[in-house]
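Let me begin by presenting the structure, written as structure tokens, before commenting on it.
Number of protein chains: 2
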Amino acid sequence: MMSNKLLKSMVVFNVKNISSRSFKNLPDFTKNTFNVERGFYNYFQEPHLRFFQNLLGNERVVTDLIDLEKHNVDWYLQFRGSSDVVLKPKTTEEVSKILEFCNGNKLAVCPQGGNTGASGGSVPVFDEIIISMEMMNEIINIDEDSGTVTCQSGVILESLDKAVAEKGFVVPLDLGAKGSCHIGGNVATNAGGMRLIRYGNLHGNILGLEVVKANGEVLNLLKPMKKDNTGFHLKNLFIGSEGTLGIITKVILQCPPRPRSQHVAFLGLQKYDKVLKTFKKARSDLGEILSAVEVMDHATIEFAHEYVQTVSPIGDYPFYLLIETSGSSDEHDEHKVHAFVESALNQHFVLNGTVASDHTKVRGLWELREKVPVGFKKCGWVGLFDVSLPIKHYYTMVDETRSFLKNRVDSVFGFGHLGDGNLHLNAVSKKYDETLKTSLEKFVAVKTTEFGGSVSAEHGVGFLKRRYLPMANSPGAFHLMTDVKKLLDPNRILNPYKIFP
Amino acid sequence: MMSNKLLKSMVVFNVKNISSRSFKNLPDFTKNTFNVERGFYNYFQEPHLRFFQNLLGNERVVTDLIDLEKHNVDWYLQFRGSSDVVLKPKTTEEVSKILEFCNGNKLAVCPQGGNTGASGGSVPVFDEIIISMEMMNEIINIDEDSGTVTCQSGVILESLDKAVAEKGFVVPLDLGAKGSCHIGGNVATNAGGMRLIRYGNLHGNILGLEVVKANGEVLNLLKPMKKDNTGFHLKNLFIGSEGTLGIITKVILQCPPRPRSQHVAFLGLQKYDKVLKTFKKARSDLGEILSAVEVMDHATIEFAHEYVQTVSPIGDYPFYLLIETSGSSDEHDEHKVHAFVESALNQHFVLNGTVASDHTKVRGLWELREKVPVGFKKCGWVGLFDVSLPIKHYYTMVDETRSFLKNRVDSVFGFGHLGDGNLHLNAVSKKYDETLKTSLEKFVAVKTTEFGGSVSAEHGVGFLKRRYLPMANSPGAFHLMTDVKKLLDPNRILNPYKIFP
Numbered sequence: 001m002m003s004n005k006l007l008k009s010m011v012v013f014n015v016k017n018i019s020s021r022s023f024k025n026l027p028d029f030t031k032n033t034f035n036v037e038r039g040f041y042n043y044f045q046e047p048h049l050r051f052f053q054n055l056l057g058n059e060r061v062v063t064d065l066i067d068l069e070k071h072n073v074d075w076y077l078q079f080r081g082s083s084d085v086v087l088k089p090k091t092t093e094e095v096s097k098i099l100e101f102c103n104g105n106k107l108a109v110c111p112q113g114g115n116t117g118a119s120g121g122s123v124p125v126f127d128e129i130i131i132s133m134e135m136m137n138e139i140i141n142i143d144e145d146s147g148t149v150t151c152q153s154g155v156i157l158e159s160l161d162k163a164v165a166e167k168g169f170v171v172p173l174d175l176g177a178k179g180s181c182h183i184g185g186n187v188a189t190n191a192g193g194m195r196l197i198r199y200g201n202l203h204g205n206i207l208g209l210e211v212v213k214a215n216g217e218v219l220n221l222l223k224p225m226k227k228d229n230t231g232f233h234l235k236n237l238f239i240g241s242e243g244t245l246g247i248i249t250k251v252i253l254q255c256p257p258r259p260r261s262q263h264v265a266f267l268g269l270q271k272y273d274k275v276l277k278t279f280k281k282a283r284s285d286l287g288e289i290l291s292a293v294e295v296m297d298h299a300t301i302e303f304a305h306e307y308v309q310t311v312s313p314i315g316d317y318p319f320y321l322l323i324e325t326s327g328s329s330d331e332h333d334e335h336k337v338h339a340f341v342e343s344a345l346n347q348h349f350v351l352n353g354t355v356a357s358d359h360t361k362v363r364g365l366w367e368l369r370e371k372v373p374v375g376f377k378k379c380g381w382v383g384l385f386d387v388s389l390p391i392k393h394y395y396t397m398v399d400e401t402r403s404f405l406k407n408r409v410d411s412v413f414g415f416g417h418l419g420d421g422n423l424h425l426n427a428v429s430k431k432y433d434e435t436l437k438t439s440l441e442k443f444v445a446v447k448t449t450e451f452g453g454s455v456s457a458e459h460g461v462g463f464l465k466r467r468y469l470p471m472a473n474s475p476g477a478f479h480l481m482t483d484v485k486k487l488l489d490p491n492r493i494l495n496p497y498k499i500f501p
Numbered sequence: 001m002m003s004n005k006l007l008k009s010m011v012v013f014n015v016k017n018i019s020s021r022s023f024k025n026l027p028d029f030t031k032n033t034f035n036v037e038r039g040f041y042n043y044f045q046e047p048h049l050r051f052f053q054n055l056l057g058n059e060r061v062v063t064d065l066i067d068l069e070k071h072n073v074d075w076y077l078q079f080r081g082s083s084d085v086v087l088k089p090k091t092t093e094e095v096s097k098i099l100e101f102c103n104g105n106k107l108a109v110c111p112q113g114g115n116t117g118a119s120g121g122s123v124p125v126f127d128e129i130i131i132s133m134e135m136m137n138e139i140i141n142i143d144e145d146s147g148t149v150t151c152q153s154g155v156i157l158e159s160l161d162k163a164v165a166e167k168g169f170v171v172p173l174d175l176g177a178k179g180s181c182h183i184g185g186n187v188a189t190n191a192g193g194m195r196l197i198r199y200g201n202l203h204g205n206i207l208g209l210e211v212v213k214a215n216g217e218v219l220n221l222l223k224p225m226k227k228d229n230t231g232f233h234l235k236n237l238f239i240g241s242e243g244t245l246g247i248i249t250k251v252i253l254q255c256p257p258r259p260r261s262q263h264v265a266f267l268g269l270q271k272y273d274k275v276l277k278t279f280k281k282a283r284s285d286l287g288e289i290l291s292a293v294e295v296m297d298h299a300t301i302e303f304a305h306e307y308v309q310t311v312s313p314i315g316d317y318p319f320y321l322l323i324e325t326s327g328s329s330d331e332h333d334e335h336k337v338h339a340f341v342e343s344a345l346n347q348h349f350v351l352n353g354t355v356a357s358d359h360t361k362v363r364g365l366w367e368l369r370e371k372v373p374v375g376f377k378k379c380g381w382v383g384l385f386d387v388s389l390p391i392k393h394y395y396t397m398v399d400e401t402r403s404f405l406k407n408r409v410d411s412v413f414g415f416g417h418l419g420d421g422n423l424h425l426n427a428v429s430k431k432y433d434e435t436l437k438t439s440l441e442k443f444v445a446v447k448t449t450e451f452g453g454s455v456s457a458e459h460g461v462g463f464l465k466r467r468y469l470p471m472a473n474s475p476g477a478f479h480l481m482t483d484v485k486k487l488l489d490p491n492r493i494l495n496p497y498k499i500f501p
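Here it is in structure tokens:
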């Protein structure tokens, strides 16, 4: 059958591009940095290339080194694989034929959406064949009666939201990466984002999926009904499976009516206990229109100011809250928001604040929060942590991390989705220190567990946190995950080195 | 080891009760009515009895025939099993020991919550050992910061709601059976109910579960975080599994803040197209405070009047809508509701209507809807169908069923959760006609499928609809369900004859 040696011709026909290639800022190969052992997979060879070219045509089989680069490296520049090929299917049938072939030939694959993941789940570790979903971007149907949208999985989140907006609906998921991330990738990582507090998680909002199994079998779980209890709800297995159980090709999403009125309050506060009090008050006073509660500490705003030039419109405070409402009546919502802010000021929970309802001003306030991750690319080294915690321990975690690190890094800052207990805890340093990084990771994992939290709130396990899988789950749950993986992907060709240690 | 003959002494020590037992109104044994073949399980014998008595004490091992009866028959009096014993564990450890023993001895079990299920999922078909969860009713913890409640699975839904109400939260699930059904049973059947339109499904609201597997292993999936992406979300496998994959022993539920204001509009309408227009208008005008949209046709209200003596407060109309709002401001909500009703009247969508905000009046209007199922027990024969449909076909289904049945039954009526496309379609007849029943079942299944709906919206598959499992799922999904069942319950001791054909 196939021999295991590398396809030499691949290197030859790409060599012309190497001179124009910039290696600046690229991370070292993941396999070197993390000392991973390659699995027993076949190597990509000329006959495989010919099969894929026959199936997809030359244009949708990418082997050019420069083009490959953006698929081999993650958005955060933390990981780098060395895949020789990116496949760009347009249909479920093509995905099915690709997987059937890869499974039969023991070729490992790495499914890739918008490649905005933060845990390295969407880039290869070795030479896995990348299956990019970017050309599967058709919106198939929007049902105006029910607000359900059916689409291919490669639709960009923002495009999907624009399409449903025209029919009066809103996608119940909002992320900083919305301009690049795919809905299929969102489902695969069970993305949480800013508005989970209002619309709930994807397990609640995804009605149906079409998934291609490792062996190429198309699994039709496309049930468009909000209520359907005809057997096990298998779709939920794939939500958050990070491409290790199948490749999601179609999605049916339930969209709520689009709010007509939006208000954002940006508040300055003195202490974390006031942050908590203000949050509780917001939940009580704003009730059903509360759609986001984001917190940022002073260091976060300072970091954003330095790296992405955003400026707090209310001056300097130890803490900032961004509280958003979305509702159906501008008059009622304005009344609720202003009454809430006034009362929070009178009760001395809040020191200063501004409220915006005009779209441009609302966007401006949101940018203070959303642009933070954009700054990371401009730093030397960033230790990114995405944890969830009982909210009483939410900021204690940041304080304890600061005490632990002392002055061994330039800055430690905390921000995130307070309303859902989801903290993005980051340490920034101009110089990279391997020992420090390792001990910090351990510290955060141990502390989070001590506080009864989760070591991965919304970013998933991916490659970054795979050794936490047994720790973060009971032994029974861990073994059941292994069994489910074996059931759906017995040759382990789907996104190897991810999730499982 | 064990011999397979029946434990004769069981009959002997129960015989004293037979004389006082009333067989009136009890259905025939399911095994006879439906001609089912018993699986290859062992029979319950004296040594088994002794083991259970040692484990639980005599009081929690029920063998008295009269006491057994209410556990052997379902609430709707559709099914009747012939179990010789009901076990009433108080702890997870006891459930674990029971299942380990049953699995080792190939004894089939039937887990039972409040026994209010409508598809016969909670009663035995033959002599399965009933494991009643009624004594596992401890509310373990309510986290006031996050609104999460942790409890044993046998807590009655209404009791749970009362407990969280004291802390300012609401259970995001409301059913007519709330006074009897258990939260564990709700999870096991993925109960939908009245307020799914507002709070979403249980897949979105259940944060964690503890489940005992068939072999007695305790599976700890008790993660209390709203955001947690550390591996596959296994808990979702058990939501809607109807006791066939494990016994749910603990539940962590996310509860939203309790609304302060509640309004109910009860409206009379001429035609279904006006019902649809009014529903769309409600979704648009009432936005985020819309918490239930229930529809009833004239025949439903007539039926309720005859059997449970409720009376329409607005006179006779072909259709009725019950529209509920729940919000944080009485003033704002009242303004929205009155403006909506006024405008719906002016647009001639609605012919008559009444609005209530006072608790007693709100309860009164809800009773018109909630008491309907209570009437079923007083009829001769009721064909109960729980389907979901695209809402444009929602009432066409009722009309077509009437045409199909002509005057072969006394009445056909349709009511249900319009907001979620969930129709309860019922045919009532004083005399039972087996041929008619069979052809009606086929008709409803075929029509529902033709319309792109689901043959079981919220009632589950249970025993009643098990032969629909392959039809209602793609072949791949059906086979994967079978594989998952095999993985978790290789001896098939858990709730046999349910879900699977």
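Protein sequences appear in the order of chains C and S.
Residue 344 in full-length UniProt numbering sits at position 344 of the first sequence, and the numbers go up by one each step.
Residue 396 in full-length UniProt numbering sits at position 396 of the second sequence, and the numbers go up by one each step.
Virtual Cβ for every residue (Gly too), placed ideally from N, Cα, C.
Check, Outcome
"Simplified DSSP assignment, three categories, for S:Ala472", "helix"
"Inter-residue Cα distance where the pair is S:Phe34 and S:Leu157", "32 Å"
"Straight-line Cα distance separating C:Asn115 from C:Phe101", "24 Å"
"Rounded C-alpha distance that separates C:Lys5 from C:Lys361", "Since pLDDT at C:Lys5 reaches only 37, below the 50 mark, its modelled position is unreliable, and the value read off the structure follows with that caveat. Looking at the two C-alpha atoms, the distance is approximately 58 Å."
"Unbroken stretches of the beta strand (DSSP E), 3 residues or longer, contained in the segment 217-292 of chain S", "218-221, 247-254, 261-269"
"Segments of 4+ residues assigned as alpha helix (DSSP H) that fall wholly inside the segment 286-360 of chain S", "298-308, 330-346"
"Neighbourhood of C:Val428 by C-beta distance below 6 Å, restricted to the same chain and skipping five residues each side", "Cys379, Val382, Asp410, Ser411"
"Residues near S:Leu77 by beta carbon distance below 8 Å, same chain, minus five either side", "Asn25, Leu26, Pro27, Lys377"
"Span separating the alpha-carbon of S:Arg492 from that of S:Leu321", "44 Å"
"Continuous alpha helix (DSSP H) assignments of at least 4 residues falling wholly in the segment 139-210 of chain S", "157-165, 183-189, 196-199, 202-205"
"Contact set between residue 502 of chain C and chain S, taken where Cβ atoms lie within less than 9 Å", "Absent from the structure is residue 502 of chain C, since the part of chain C shown begins at 1 and ends at 501."
"Euclidean distance between Cα positions of C:Glu441 and C:Cys110", "26 Å"
"Cross-chain neighbours of C:Phe232 in chain S, by beta carbon under 7 Å", "Leu237, Gly240, Ser241, Met481, Val484"
"Bridge partner(s) assigned by DSSP for C:Pro111", "C:Ile131"
"Spatial distance of S:Thr276 from C:Asn426 (CA atoms)", "According to the sequence displayed, residue 276 of chain S carries Leu and not Thr. Near 50 Å, if we compare the C-alpha coordinates of C:Asn426 and S:Leu276."
"Near-chain S residues of the segment 452-469 of chain C - C-beta to any C-beta below 9 Å", "Gly452, Gly453, Ser454, Val455, Ser456, Ala457, Glu458, His459, Gly460, Val461, Lys465, Tyr468, Leu469"
"Per DSSP, cross-strand counterpart(s) of S:Asn426", "S:Leu384, S:Phe413"
"Nearest-angstrom Cα separation, counted from S:Glu69 out to S:Lys178", "22 Å"
"Cutoff 7 Å; reference S:Ala118; Cβ partners in own chain excluding five residues on either side", "Tyr76, Leu384, Asp386, His459"
"Residues near S:Pro257 in its chain [Cβ-Cβ closer than 8 Å; skip 5 each side]", "Gly147, Gly168, Phe169, Val170, Ser328"
"Cross-chain neighbours of C:Lys223 in chain S, by beta carbon under 8 Å", "Ser454"
"7 Å Cβ cutoff, C:Lys226 in contact with chain S", "yes"
"Nearest to C:Gly246 (by Cα), restricted to the options C:Leu55, C:Val444, C:Leu196, C:Leu209", "C:Leu209"
"Buried versus exposed, by CB contacts within 10 Å (16 or more), S:Asn229", "buried"
"Cβ shell of S:Ser22 (< 8 Å), same chain only, five flanking positions each side left out", "At S:Ser22 the pLDDT is 45, less than 50, meaning the model places this residue with poor confidence; the figure from the coordinates comes in the next sentence. Cβ neighbours of S:Ser22 beyond the five flanking positions: none."
"Per-residue burial, C:Val311 [other beta carbons within 10 Å of its own, 16 or more giving buried]", "exposed"
"Distance between beta carbons of S:Ala457 and C:Lys223, contact taken as under 8 Å", "So it is not a contact: roughly 11 Å between Cβ atoms."
"Cβ of S:Ser388 within 7 Å of any chain C Cβ", "yes"
"Residues that C:Arg283 contacts on chain S, provided the C-beta gap is smaller than 7 Å", "Pro257"
"Selection of the segment 136-164 of chain S by Cβ proximity to chain C, strictly under 8 Å", "Asp143, Asp145, Ser146"
"Residue 502 of chain C (DSSP reduced to helix, strand or coil)", "With chain C represented from 1 up to 501, any question about residue 502 of chain C goes unanswered, as that position is not in the structure."
"CB contact below 7 Å: S:Ser474 versus chain C", "yes"
"Closest residue to C:Leu423 among C:Ala282, C:Glu294, C:Phe29 (Cα-Cα distance)", "C:Glu294"
"Sequence-distant residues of its chain with Cβ nearer than 8 Å to S:Asp285 (five each side left out)", "Lys336, Ala339, Phe340, Ser343"
"Short Cβ contact (7 Å threshold) for S:Gly176 with S:Pro373", "yes"
"Residue-level contact to chain S via CB, C:Lys16, 7 Å cutoff", "Residue placement at C:Lys16 is flagged as unreliable, the pLDDT there being 33, under the threshold of 50; the coordinate-derived value follows with that caveat. No, C:Lys16 lies away from the interface with chain S (no Cβ there is under 7 Å from its Cβ)."
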